[in-house]
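Numbering of the sequence shown is given in our numbering, commencing with residue 42 and proceeding in unit increments.
First comes the structure, then the notes that go with it.
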Amino acid sequence: MKAQLIRSIWVGSFLLGVLQWSACDDDTAKAVCGNGAVEAGEACDGTDLAQETCASRGFEKGDLACSEDCVFDESGCSKAVCGNGQLEEGEECEEGDFSETCRDFGFEMGTLACDAECLFDLSLCVIPITCGDGNAMGWEDCENGELGGETCEALGFAGGSLLCDDSCQFDTLSCIEEETCGNGILDPKERCDGTVPAGLTCESIGYPQGGTLGCASDCTLDVSGCDPACAGSQIGDPCTPGTTVCCAEDNRPVGCVELSTWGYYCWPTCEAPLDCGLNDYCVDTQGDANGACMGTPGCMMAYSPCLGVGGEQGNCVKLGLAMDAQSNCTLVGMRRQGQSCDPTITGGQMDYHLNDMCYQGWCIPSAEDPLTGTCRNYCDWRNIFSGLRPDTCPDHYNCLSQLDIYLNPSSYENGYTINDFGYCYPMFDGVDAVTTAGLLACDLLSNDQTRSGLPCPVGTACLPYLKGSLQGVCSPVSTTPKSLGEACDPNAEVSECAADAACVMSDPFHETDLTEPVTACRRKCDAEVLEDNALCADLEGGPFVCLTRSRFYSYSHQLPTTFGPETAPSRQGFCVPPQ
Numbered sequence: 042m043k044a045q046l047i048r049s050i051w052v053g054s055f056l057l058g059v060l061q062w063s064a065c066d067d068d069t070a071k072a073v074c075g076n077g078a079v080e081a082g083e084a085c086d087g088t089d090l091a092q093e094t095c096a097s098r099g100f101e102k103g104d105l106a107c108s109e110d111c112v113f114d115e116s117g118c119s120k121a122v123c124g125n126g127q128l129e130e131g132e133e134c135e136e137g138d139f140s141e142t143c144r145d146f147g148f149e150m151g152t153l154a155c156d157a158e159c160l161f162d163l164s165l166c167v168i169p170i171t172c173g174d175g176n177a178m179g180w181e182d183c184e185n186g187e188l189g190g191e192t193c194e195a196l197g198f199a200g201g202s203l204l205c206d207d208s209c210q211f212d213t214l215s216c217i218e219e220e221t222c223g224n225g226i227l228d229p230k231e232r233c234d235g236t237v238p239a240g241l242t243c244e245s246i247g248y249p250q251g252g253t254l255g256c257a258s259d260c261t262l263d264v265s266g267c268d269p270a271c272a273g274s275q276i277g278d279p280c281t282p283g284t285t286v287c288c289a290e291d292n293r294p295v296g297c298v299e300l301s302t303w304g305y306y307c308w309p310t311c312e313a314p315l316d317c318g319l320n321d322y323c324v325d326t327q328g329d330a331n332g333a334c335m336g337t338p339g340c341m342m343a344y345s346p347c348l349g350v351g352g353e354q355g356n357c358v359k360l361g362l363a364m365d366a367q368s369n370c371t372l373v374g375m376r377r378q379g380q381s382c383d384p385t386i387t388g389g390q391m392d393y394h395l396n397d398m399c400y401q402g403w404c405i406p407s408a409e410d411p412l413t414g415t416c417r418n419y420c421d422w423r424n425i426f427s428g429l430r431p432d433t434c435p436d437h438y439n440c441l442s443q444l445d446i447y448l449n450p451s452s453y454e455n456g457y458t459i460n461d462f463g464y465c466y467p468m469f470d471g472v473d474a475v476t477t478a479g480l481l482a483c484d485l486l487s488n489d490q491t492r493s494g495l496p497c498p499v500g501t502a503c504l505p506y507l508k509g510s511l512q513g514v515c516s517p518v519s520t521t522p523k524s525l526g527e528a529c530d531p532n533a534e535v536s537e538c539a540a541d542a543a544c545v546m547s548d549p550f551h552e553t554d555l556t557e558p559v560t561a562c563r564r565k566c567d568a569e570v571l572e573d574n575a576l577c578a579d580l581e582g583g584p585f586v587c588l589t590r591s592r593f594y595s596y597s598h599q600l601p602t603t604f605g606p607e608t609a610p611s612r613q614g615f616c617v618p619p620q
């Protein structure tokens with residue numbers, strides 16, 4: 042019995058030792074997932090894929106990976122075959138078979154491509170669309186409702202709710218302007234408040250037959266009680282002091298005043314700097330405290346902020362006739378690019394509201410309803426065109442020069458340039474409610490677009506937009522163009538000339554009818570070089586000279602000077618017969 046018990050204890054101890062030895066052996070062989078080496082029981086570990094690939098596992102392409110559990114992750118593999126013309130799982134595109142454009146990926150324009158892996162290639166897309174990227178920068182006022190701490194009050198309103206529109210610009214329609222009319226005090230913008238100011242009568246403001254002058258509820262003069270009969274001169278007519286009767290206009294006092302060296306004219310008169318209304322100010326022209334209402338004061342830096350006579354915030358804009366004319370400080374409204382405005386507000390107007398006026402531009406009237414309009418921002422087209430500064434226009438717009446040439450056969454200085462400013466014009470059709478057709482601004486010499494640097498689209502060429510600027514627009518051209526020198530129609534919807542030419546005055550040096558000149562296809566050239574211009578040298582029937590368009594319409598074919606010396610003529614030139 043004792044021997045049997047001893048034997049049982051020995052056998053149990055032996056088996057326990059075997060089990061313990063076996064357990065130690067299992068711990069030694071157990072795999073550790075995450076140590077970067079494939080061990081027993083693991084398909085992979087980290088970057089160690091046991092020499093497996095997507096292809097070895099039955100896929101066409103892709104990148105095989107290893108999960109945290111050390112099993113294969115095949116989500117990066119694809120059975121799609123790039124280049125078979127069929128859009129399959131894992132592919133974004135197939136070469137030549139996709140409808141997406143650069144605009145679908147947040148760019149204005151460019152060429153969207155499909156790479157060798159059937160993924161979209163955005164490298165040729167240009168001009169990122171910034172509104173909606175979450176950062177208010179550049180031309181943007183706000184982003185996604187974030188106003189940057191601005192309020193209606195901070196913008197000069199009495200109160201209300203400032204909003205951010207879909208174009209990332211402040212929307213002030215819900216802001217409330219402070220109403221001063223009715224407080225009995227003659228505030229700026231008011232001719233009267235409750236009563237007619239002392240000294241003002243129907244006769245004194247230009248109604249010689251007299252009557253009763255009143256004060257309207259909007260604080261403008263009520264002339265309904267004045268006798269409108271006036272056989273005298275109108276505003277702008279020459280006059281003789283003490284003799285000529287100057288008739289009233291727009292409820293403003295009018296008198297015979299001396300305008301610099303031009304002589305005496307019937308003109309709105311004033312006594313204080315702010316008597317003259319919107320964008321006019323009172324200038325003492327005779328040294329006797331009696332002034333004339335003139336345009337806003339000049340300013341130095343066009344397209345920059347400035348201050349008006351009364352300290353109002355303004356925008357410095359080129360408004361002169363010739364290229365070198367001075368800029369003027371115009372009062373800033375509150376409506377932004379593309380927002381509604383009142384196009385009937387004019388210079389000298391007394392009753393106006395900042396919330397009906399544009400912030401940095403002018404109000405374009407609607408063709409359907411001339412009483413409504415849309416704001417169009419001014420822009421520095423010269424520096425943008427020269428590459429000295431980026432295009433400051435909002436998304437979907439580009440800066441387009443408005444420089445044109447004045448044509449008046451009865452004027453000695455027929456052919457001087459006017460309107461040396463640019464404004465933001467829609468690049469694409471349907472962008473703008475008022476201007477429905479888009480235009481791509483471009484360089485007439487390089488044929489490249491001003492904003493993107495891309496060539497004009499296929500089937501178009503850079504052709505003159507207006508007569509005075511080197512900037513043009515991408516316009517459709519004929520697939521069977523006429524030869525250089527051949528007669529053409531300058532008003533044709535599709536240009537009849539080749540891409541390097543335009544339909545212009547054929548022979549400006551010898552043309553006798555500048556109103557309806559003979560036109561022909563003439564090659565474009567850089568008018569900085571008149572004679573021996575390389576672009577004109579190889580033309581048959583020469584020699585030809587490269588004449589600036591600025592001189593086409595002047596009778597002397599020299600630069601006009603009556604309205605200021607034009608020392609910077611347009612480089613937009615064409616190869617024409619010499620003088």
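For each residue, glycine too, the CB sits at the ideal point set by N, CA and C.
Remember, predicted model here, so these are calculated numbers, not experimental data.
Go ahead and label residue i buried or exposed: buried means 16 or more other beta carbons lie within 10 angstroms of its beta carbon, across all protein chains shown.
{"i": "Asn574", "result": "buried"}
{"i": "His437", "result": "buried"}
{"i": "Val545", "result": "buried"}
{"i": "Thr88", "result": "exposed"}
{"i": "Phe615", "result": "buried"}
{"i": "Tyr596", "result": "exposed"}
{"i": "Ile446", "result": "buried"}
{"i": "Asp228", "result": "exposed"}
{"i": "Glu187", "result": "exposed"}
{"i": "Leu511", "result": "buried"}
{"i": "Glu181", "result": "buried"}
{"i": "Gly379", "result": "buried"}
{"i": "Gln210", "result": "buried"}
{"i": "Val617", "result": "buried"}
{"i": "Val559", "result": "exposed"}
For residue i and residue j, what's the separation of their Cα atoms in angstroms?
{"i": "Asp316", "j": "Gln620", "result": "53 angstroms"}
{"i": "Pro584", "j": "Pro279", "result": "49 angstroms"}
{"i": "Val264", "j": "Thr236", "result": "13 angstroms"}
{"i": "Asn320", "j": "Tyr344", "result": "16 angstroms"}
{"i": "Gln367", "j": "Phe139", "result": "52 angstroms"}
{"i": "Asp234", "j": "Glu220", "result": "12 angstroms"}
{"i": "Asn439", "j": "Lys120", "result": "45 angstroms"}
{"i": "Cys404", "j": "Arg417", "result": "6 angstroms"}
{"i": "Ala64", "j": "Ala72", "result": "Bear in mind that a pLDDT of 42 at Ala64, under 50, signals an unreliable position, so the model cannot answer this."}
{"i": "Asp473", "j": "Tyr419", "result": "16 angstroms"}
{"i": "Cys357", "j": "Gly388", "result": "15 angstroms"}
Could you check what DSSP says for residue i in three-state terms: helix, strand or coil?
{"i": "Asp436", "result": "coil"}
{"i": "Arg293", "result": "strand"}
{"i": "Arg376", "result": "strand"}
{"i": "Phe139", "result": "coil"}
{"i": "Thr213", "result": "coil"}
{"i": "Asn396", "result": "helix"}
{"i": "Ile425", "result": "helix"}
{"i": "Leu196", "result": "helix"}
{"i": "Trp303", "result": "helix"}
{"i": "Phe146", "result": "helix"}
{"i": "Ser516", "result": "strand"}
{"i": "Ala96", "result": "helix"}
{"i": "Leu448", "result": "coil"}
{"i": "Leu576", "result": "helix"}
Per DSSP, what are the beta-bridge partners of residue i in this structure?
{"i": "Leu588", "result": "Phe615"}
{"i": "Phe113", "result": "Cys107"}
{"i": "Thr491", "result": "In the DSSP output, where bridge partners are listed per residue, Thr491 has none listed."}
{"i": "Trp308", "result": "Gly296"}
{"i": "Met335", "result": "Tyr322"}
{"i": "Val358", "result": "Asn369"}
{"i": "Met178", "result": "Paired residues: none, contrary to the question."}
{"i": "Ala502", "result": "Ser516"}
{"i": "Arg564", "result": "Ala542"}
{"i": "Ala154", "result": "Asp162"}
{"i": "Asp418", "result": "Position check: residue 418 holds Asn in this sequence, whereas Asp was assumed. For Asn418, which the question treats as bridged, DSSP gives the partners Gly402."}
{"i": "Asp86", "result": "Asp89"}
* To do: Report yes or no: do the stretch 535-547 and the stretch 499-519 share at least 3 C-beta pairs separated by less than 8 angstroms?
  => In short, these stretches touch, since the Cβ pair count reaches three.
* Given 8 angstroms as the limit, is there contact between the stretch 394-413 and the stretch 262-280, that is, 3 or more CB pairs closer than that? -> For the pair of segments examined, the stretch 394-413 was found not to touch the stretch 262-280: the number of CB pairs separated by less than 8 angstroms stays below three.
* Asked: For the 8 angstroms Cβ check, are there 3 or more pairs between the stretch 122-135 and the stretch 105-112?
  -> Counting Cβ pairs under 8 angstroms, fewer than three are found: no touch.
* Asked: Within the chosen definition, does the stretch 190-202 reach the stretch 167-175 through at least 3 CB pairs nearer than 8 angstroms?
  -> Contact fails: fewer than three Cβ-Cβ distances are below 8 angstroms.
* Asked: Does the stretch 421-436 touch the stretch 382-392, meaning 3 or more C-beta pairs lie closer than 8 angstroms?
  -> Taking a contact to require three or more Cβ pairs closer than 8 angstroms, the stretch 382-392 and the stretch 421-436 do not qualify as touching.
* the stretch 289-298 contacting the stretch 236-246, beta-carbon criterion three pairs below 8 angstroms -> Segment contact: the stretch 289-298 against the stretch 236-246, three or more CB-CB distances shorter than 8 angstroms; contact assigned.
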